[in-house]
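Peer 1:
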Amino acid sequence: GAGVSQSPSNKVTEKGKDVELRCDPISGHTALYWYRQSLGQGLEFLIYFQGNSAPDKSGLPSDRFSAERTGGSVSTLTIQRTQQEDSAVYLCASGFLRDEQFFGPGTRLTVL
Amino acid sequence: SQQGEEDPQALSIQEGENATMNCSYKTSINNLQWYRQNSGRGLVHLILIRSNEREKHSGRLRVTLDTSKKSSSLLITASRAADTASYFCATGRMDSSYKLIFGSGTRLLVRP
Numbered sequence: 076g077a078g079v080s081q082s083p084s085n086k087v088t089e090k091g092k093d094v095e096l097r098c099d100p101i102s103g104h105t106a107l108y109w110y111r112q113s114l115g116q117g118l119e120f121l122i123y124f125q126g127n128s129a130p131d132k133s134g135l136p137s138d139r140f141s142a143e144r145t146g147g148s149v150s151t152l153t154i155q156r157t158q159q160e161d162s163a164v165y166l167c168a169s170g171f172l173r174d175e176q177f178f179g180p181g182t183r184l185t186v187l
Numbered sequence: 020s021q022q023g024e025e026d027p028q029a030l031s032i033q034e035g036e037n038a039t040m041n042c043s044y045k046t047s048i049n050n051l052q053w054y055r056q057n058s059g060r061g062l063v064h065l066i067l068i069r070s071n072e073r074e075k076h077s078g079r080l081r082v083t084l085d086t087s088k089k090s091s092s093l094l095i096t097a098s099r100a101a102d103t104a105s106y107f108c109a110t111g112r113m114d115s116s117y118k119l120i121f122g123s124g125t126r127l128l129v130r131p
């Protein structure tokens, strides 16, 4: 079946612009996660959605970052007024609570 | 902050040899997972071991967990060039095990 998909695969933007990153999780998965990975580093947790519960936003690095999940499916991560330090690969994963996570291919964001 | 720390950071072996990677963590966990990442993009789940398990096998993979030492090891037997990748351990904490905390990874190179 179809895996997790993310779009765009690459995004180059200018400092100060807003960007939106999209994640389509595997159908039926109740949990959706966003992570950020800087070059050569591990994954940094950003935000977690589970069903209709309030999301866990504890990993968002600043108020410029926000995310929503519409209809319990597709999620959008928005970064406002992008900074160069926001450059990274943004990974989305879906799954079931306390189980393995299935990752998308990621969006590589470059802020010039 | 990182929960899991892998050791070594990089490993180079000959095809056919075994590869062992270690992971240490700091807090009580619900489970520990190992993931593989090729070319800095999406991660692939390899194996999950729960806190009440000590050893688990999957094909050429063997994972051990020592909760008293807060450590885990991943053994890849009879390595192949296709095993070349970065390997990450990720821990699900007892208090919020949906939030996986990733280490910085081990870069494995298998020379043909």
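Chains as they are written, first to last, in this note's numbering: chain A, 76 to 187; chain B, 20 to 131. We put the beta carbon where it would ideally sit given N, CA and C, even for glycine.
1) Are the CB atoms of B/Phe121 and B/Gln56 within a distance shorter than 8 angstroms?
2) Any beta-carbon of chain A closer than 8 angstroms to the one on B/Lys45?
3) Counting only Cβ-Cβ distances shorter than 9 angstroms, please list the residues of the stretch 104–135 of chain A near chain B, keeping chain order.
4) When the cut-off is 8 angstroms and only beta carbons count, does B/Tyr106 lie next to chain A?
5) Over the uninterrupted beta strand (DSSP E) stretch that includes A/Thr153, give me the two end residues.
6) Shorter than 7 angstroms, the distance from the beta carbon of A/Pro83 to the closest heavy atom of the ligand FMN, or not?
7) Is the Cβ-Cβ distance between A/Gly103 and A/Arg156 less than 8 angstroms?
8) Between A/Glu89, A/Leu187, A/Gln159, A/Gln176, which has its C-alpha nearest A/Leu166's C-alpha?
9) Note down the Cα distance separating A/Arg183 from A/Glu160, rounded to an integer number of angstroms.
10) Could you give the DSSP three-state label for B/Ser20: helix, strand or coil?
11) Could you tell me the boundaries of the beta strand (DSSP E) in which B/Asp8 lies?
12) Looking at A/Ser137 and A/Val79, is the spacing between their C-beta atoms short of 8 angstroms?
13) Compare the C-beta of B/Ser123 with all C-beta atoms of chain A and state if any pair is closer than 8 angstroms.
14) At a Cβ threshold of 8 angstroms, is B/Gln21 touching chain A?
15) Assuming contact is defined by CB atoms lying nearer than 8 angstroms, are A/Pro180 and A/Gln81 in contact in what I supplied?
16) Judging by CA-CA distance, which residue of B/Ser58, B/Ala104, B/Thr86 is the nearest neighbour of B/Asn49?
17) Who are the near neighbours of A/Asp131 in its chain, counting only those whose CB is closer than 6 angstroms to its CB and skipping five residues on each side?
18) Run through DSSP, which three-state label would A/Glu160 get?
19) So is B/Gly35 in contact with chain A if we call contact Cβ pairs under 8 angstroms?
20) Pick out the complete alpha helix (DSSP H) segments inside the stretch 91–125 of chain A, 4 residues or longer, and give them in chain order.
21) Alpha carbon to alpha carbon, what distance is there between A/Ser133 and B/Gln28?
22) My output table needs one value for A/Ala77: the three-state DSSP class, helix, strand or coil.
23) Does the Cβ of B/Gly111 have 16 or more other Cβ atoms within 10 Å, making it buried, or fewer, making it exposed?
Peer 2: Put simply:
1) Here residue 56 of chain B refers to the residue found at position 37 when the second sequence is read from its first residue. Here residue 121 of chain B refers to the residue found at position 102 when the second sequence is read from its first residue. Their beta carbons are not under 8 angstroms apart, which means B/Gln56 does not touch B/Phe121 by this criterion.
2) As a working note, residue 45 of chain B is residue 26 in the second sequence. No - not a single Cβ of chain A is within 8 angstroms of the one on B/Lys45.
3) Ala106, Tyr108, Tyr110, Gln112, Leu114, Gly115, Gln116, Gly117, Leu118, Glu119, Phe120, Tyr123, Gln125, Asp131, Ser133, Gly134
4) Within the second sequence, residue 106 of chain B is the residue found at index 87, counting from 1. Chain A contact via Cβ: absent.
5) In the first sequence, the residue the question calls residue 153 of chain A occupies position 78. 150–154 is the span of the beta strand (DSSP E), which, as asked, contains A/Thr153.
6) In the structure on display, the ligand FMN does not appear, and there are no ligands present to speak of.
7) Start at 1 with the first residue of the first sequence, and residue 103 of chain A comes out as number 28. Start at 1 with the first residue of the first sequence, and residue 156 of chain A comes out as number 81. Their beta carbons are not under 8 angstroms apart, which means A/Gly103 does not touch A/Arg156 by this criterion.
8) Within the first sequence, the letter at position 91 stands for residue 166 of chain A. Nearest C-alpha to A/Leu166: A/Gln176.
9) As a working mapping, residue 183 of chain A is identified with position 108 in the first sequence. As a working mapping, residue 160 of chain A is identified with position 85 in the first sequence. Looking at the two C-alpha atoms, the distance is approximately 13 angstroms.
10) Looking up residue 20 of chain B in the second sequence gives position 1. Low confidence applies here, because B/Ser20 scores a pLDDT of 41, under 50, leaving its location unreliable; read the following figure in that light. B/Ser20 falls in the coil class under three-state DSSP.
11) There is no way to answer for residue 8 of chain B, as the model of chain B reaches only from 20 to 131.
12) The residue given as residue 79 of chain A occupies position 4 in the first sequence. The residue given as residue 137 of chain A occupies position 62 in the first sequence. No; because the gap between Cβ atoms is not below 8 angstroms, this pair is not in contact.
13) Here residue 123 of chain B refers to the residue found at position 104 of the second sequence. Chain A contact via Cβ: present.
14) For the purposes of this step, residue 21 of chain B is taken as residue 2 along the second sequence, with counting starting at 1. Its pLDDT being 45, under 50, B/Gln21 is placed unreliably by the model, and the measurement read from it follows with that caveat. Yes - at least one Cβ of chain A is within 8 angstroms of the one on B/Gln21.
15) Along the first sequence, one-based indexing puts residue 180 of chain A at 105. Along the first sequence, one-based indexing puts residue 81 of chain A at 6. Going by C-beta atoms, A/Pro180 is nearer than 8 angstroms to A/Gln81.
16) By 1-based counting over the second sequence, the position of residue 49 of chain B is 30. Of B/Ser58, B/Ala104, B/Thr86, the residue nearest in Cα terms is B/Thr86.
17) Within the first sequence, the letter at position 56 stands for residue 131 of chain A. Cβ neighbours of A/Asp131 beyond the five flanking positions: Tyr123.
18) As a first step, residue 160 of chain A is located in the first sequence; it is residue number 85 there, counting from the start. In this structure, A/Glu160 counts as helix in the three-state DSSP scheme.
19) For the purposes of this step, residue 35 of chain B is taken as the residue at position 16 of the second sequence. No - not a single Cβ of chain A is within 8 angstroms of the one on B/Gly35.
20) none
21) As a first step, residue 28 of chain B must be located in the second sequence, where it is residue number 9. As a first step, residue 133 of chain A must be located in the first sequence, where it is residue number 58. Approximately 28 angstroms between the Cα atoms of the pair.
22) Working through the first sequence from its first residue, we reach residue 77 of chain A at position 2. Coil, per DSSP.
23) On the second sequence, position 92 is the one that residue 111 of chain B refers to. The residue is buried, with at least 16 neighbouring Cβ atoms inside 10 Å.
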